[in-house]
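Numbering of the sequence shown is given in our numbering, commencing with residue 77 and proceeding in unit increments.
Idealized CB from N, CA, C, for every residue including glycine.
Predicted model only: the values in this text are computed from it and were never measured.
Please read the structure below before turning to the comments.
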Amino acid sequence: MNVDESARRELRLPKQVYRLRILGLALGFFSVGSAFSEHHAPPLAWAALAYHCFIWPHLAWWYAKRSSDPHRTERLNLTIDSAFGGMFIALMHFCLLPSVLVAGMLSMDKVGWGPRFLLRTSTAMAIACAATILLVHPGVEPTTTMREIVGSLPLMTAYPLAVAFVSYRSGEMARQRRKAIEDLASAREELAHIARVGTLGEMAAGLAHELNQPLSAIHFEATAALELREFQTADSLRDAMATIADQSHRAGEIVRRMRTYARRRPSHREESDVRQLVRDVLALLDHELRLAAVHTSLELDEAAPRVDVDRIEVQQVLVNLVRNAIDAMHQLPPDERVLTVRTAHVDQRVRLVIADSGPGIDAAIVDRLFHPFQSTKPAGMGLGLSICQSIVEAHGGRIGTLPPEGRGAVFFFELPGIPNRA
Numbered sequence: 077m078n079v080d081e082s083a084r085r086e087l088r089l090p091k092q093v094y095r096l097r098i099l100g101l102a103l104g105f106f107s108v109g110s111a112f113s114e115h116h117a118p119p120l121a122w123a124a125l126a127y128h129c130f131i132w133p134h135l136a137w138w139y140a141k142r143s144s145d146p147h148r149t150e151r152l153n154l155t156i157d158s159a160f161g162g163m164f165i166a167l168m169h170f171c172l173l174p175s176v177l178v179a180g181m182l183s184m185d186k187v188g189w190g191p192r193f194l195l196r197t198s199t200a201m202a203i204a205c206a207a208t209i210l211l212v213h214p215g216v217e218p219t220t221t222m223r224e225i226v227g228s229l230p231l232m233t234a235y236p237l238a239v240a241f242v243s244y245r246s247g248e249m250a251r252q253r254r255k256a257i258e259d260l261a262s263a264r265e266e267l268a269h270i271a272r273v274g275t276l277g278e279m280a281a282g283l284a285h286e287l288n289q290p291l292s293a294i295h296f297e298a299t300a301a302l303e304l305r306e307f308q309t310a311d312s313l314r315d316a317m318a319t320i321a322d323q324s325h326r327a328g329e330i331v332r333r334m335r336t337y338a339r340r341r342p343s344h345r346e347e348s349d350v351r352q353l354v355r356d357v358l359a360l361l362d363h364e365l366r367l368a369a370v371h372t373s374l375e376l377d378e379a380a381p382r383v384d385v386d387r388i389e390v391q392q393v394l395v396n397l398v399r400n401a402i403d404a405m406h407q408l409p410p411d412e413r414v415l416t417v418r419t420a421h422v423d424q425r426v427r428l429v430i431a432d433s434g435p436g437i438d439a440a441i442v443d444r445l446f447h448p449f450q451s452t453k454p455a456g457m458g459l460g461l462s463i464c465q466s467i468v469e470a471h472g473g474r475i476g477t478l479p480p481e482g483r484g485a486v487f488f489f490e491l492p493g494i495p496n497r498a
């Protein structure tokens, strides 16, 4: 049975345990075998020892390699190892040095799996030891002879060194993996920032027009106020100042949204309301929506939980999806251009849905839709959806498409909700 690449990565830890098991059991054979020889163990005990040391580790690896969950299988294999160890301790008549070494070896390779697993495997060892006592009635001879000391020396010296080396290698691999994850996150943030700046560049004409309206209103009101006659200044001047204040606040909000969206900073997550994020994005894209004659329908679930997200990155996902929807409907008659934005609460997650009334997604590219450099726009680079996917997945969510109820395309993404503290 072939395993895919992700399954091969999952086998890395069981493979390290497999190699340690081979070494430990090969060395342990001499230690336990010396005790068996001193106490004239029966052939069945020797057969069990040979099976455990030379056949069992390969069967355990084969089973883990073909399992859908290699780590879970390896935990089961380690528990069986401990049961074998408990049986051998009883069959050795509790010979002190080999018994201590076997118990130590079987505990040493389980410390990294957590205290609960160590307790479970130790319990399996104790139960197997007790069962062997009830079945075989071995004696108790804790003394250690020179033969047993010599037979135990390889296990006493080589196995701890092997465990230390593997632990060092595992730590080194963990550090390299952590650094790779940090570098990838940094590259993702850099690419997302570049994409945001590029988006604002594409929106520059619309944003300039959006700013021109309040600035023109301020100019006209200020000019009119300066030309007022003295007997007209009381109420008229107050009205002019109120209009100037309102329009300057409007212009300031437009600039604030632009600066916030374009800001470059480390990822910072905070508790946010997805409904407010949707409203902020639609306000940022208000001019594009009006210029494209797109009717917007909002269906915001009031019961949806809040989310712990980077507001700017989630807004970037919404901006990309909404602008894609606008572009998809540009060939339709104005009265048929409908953009629907919905939020819903789905299994402790918040789902945001962006649906348009355009021609829909070409079936030939639906499987490659989120791949880098896959674009349906003549001048598009094909990075928008790929960046959206990386942002959503970095937040522990998922993104994809849904079958439309009629015509058009339906994109969605989900984010983990914050549990209700009430």
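Straight-line spacing of the CA atoms in Phe164 and Ile475 works out to 54 Å. Under DSSP, Asp384 shares a beta bridge with Glu347.
Counting along the chain, Pro146 sits inside the alpha helix (DSSP H) bounded by residues 146-167.
Taking Gln465 as the centre and dropping the five residues before and after it, the same chain places the C-beta of Phe446, Ile475 closer than 6 Å to its C-beta, in chain order. Runs of alpha helix (DSSP H) with 4 or more residues, each lying fully within the stretch 364-443, are found at 387-404, listed in chain order. The beta strand (DSSP E) runs lying completely inside the stretch 93-123 and spanning 3 residues or more number zero.
Straight through space, the alpha carbons of Pro146 and Thr219 are spaced by roughly 40 Å. Bridge partners of Phe489 according to DSSP: Leu428, Ile475. Fewer than three beta-carbon pairs drawn from the stretch 224-243 and the stretch 117-124 are found closer than 8 Å, and the two stretches are therefore not classed as touching. For Cys205, the enclosing alpha helix (DSSP H) stretches over residues 191-212. If you draw a straight line from the Cα of Gln391 to the Cα of Leu177, it comes to about 59 Å. Restricting attention to Phe160, Ala256, Leu353, Asp315, the CA atom closest to the CA of Leu491 is found in Leu353.
For Tyr127, there is no enclosing alpha helix (DSSP H), as DSSP marks it with neither H nor E. Inclusion of Thr155 and Thr197 in the CB contact set at 7 Å is warranted, their separation being smaller than that value. The shortest CA-to-CA distance from Ala316 to any of Ser324, Ala298, Gly328 is the one to Ala298. Burial is judged here by how many other beta carbons sit within 10 angstroms of a residue's own beta carbon; Tyr94 has at least 16 and is buried.
Here DSSP, grouped into helix, strand and coil, assigns Pro230 to helix. By the neighbour-count criterion, in which a residue is buried when 16 or more other Cβ atoms sit within 10 angstroms of its Cβ, Pro174 is buried.
Here DSSP, grouped into helix, strand and coil, assigns Cys464 to helix. Segment contact: the stretch 405-414 against the stretch 422-430, fewer than three CB-CB distances shorter than 8 Å; contact not assigned. DSSP places Glu481 outside both helix and strand once states are collapsed to three, so it counts as coil. Glu347 and Val383 have their C-alpha atoms roughly 6 Å apart. One Cα belongs to Ala166, the other to Leu211, and the distance between them is close to 11 Å.
In the DSSP annotation of this structure, Ser143 is not part of any alpha helix (DSSP H), being labelled neither H nor E.
Under the criterion of beta carbons closer than 8 Å, Ala380 and Ala318 do not qualify as touching, at roughly 37 Å. The C-beta distance from Val370 to Leu394 rounds to 15 Å, too long to fall under 8 Å, and the pair is not in contact. In this structure, DSSP gives Thr221 a state outside helix and strand, which the three-state scheme calls coil. Contact annotation, Phe160 with His128: C-beta distance approximately 5 Å; criterion of less than 8 Å satisfied. For Lys186, the three-state secondary structure derived from DSSP is coil.
When the five nearest sequence neighbours on each side are left out, the beta carbons in the same chain lying within less than 7 Å of the beta carbon of Gly227 are those of Phe106, Ser107, Gly109, Ser110, in order along the chain. Contact between Ser158 and Met222 is ruled out by a C-beta separation of about 29 Å, above the 8 Å threshold. Of the candidates Gly460, Gly180, Glu248, the residue whose Cα lies closest to the Cα of Leu101 is Gly180. In this structure, DSSP gives Phe446 a state outside helix and strand, which the three-state scheme calls coil. The DSSP-derived three-state label of Pro236 is helix. Under the three-state reduction of DSSP, Leu177 is assigned to helix. In the structure shown, Val354 adopts helical secondary structure according to DSSP, grouped into three states.
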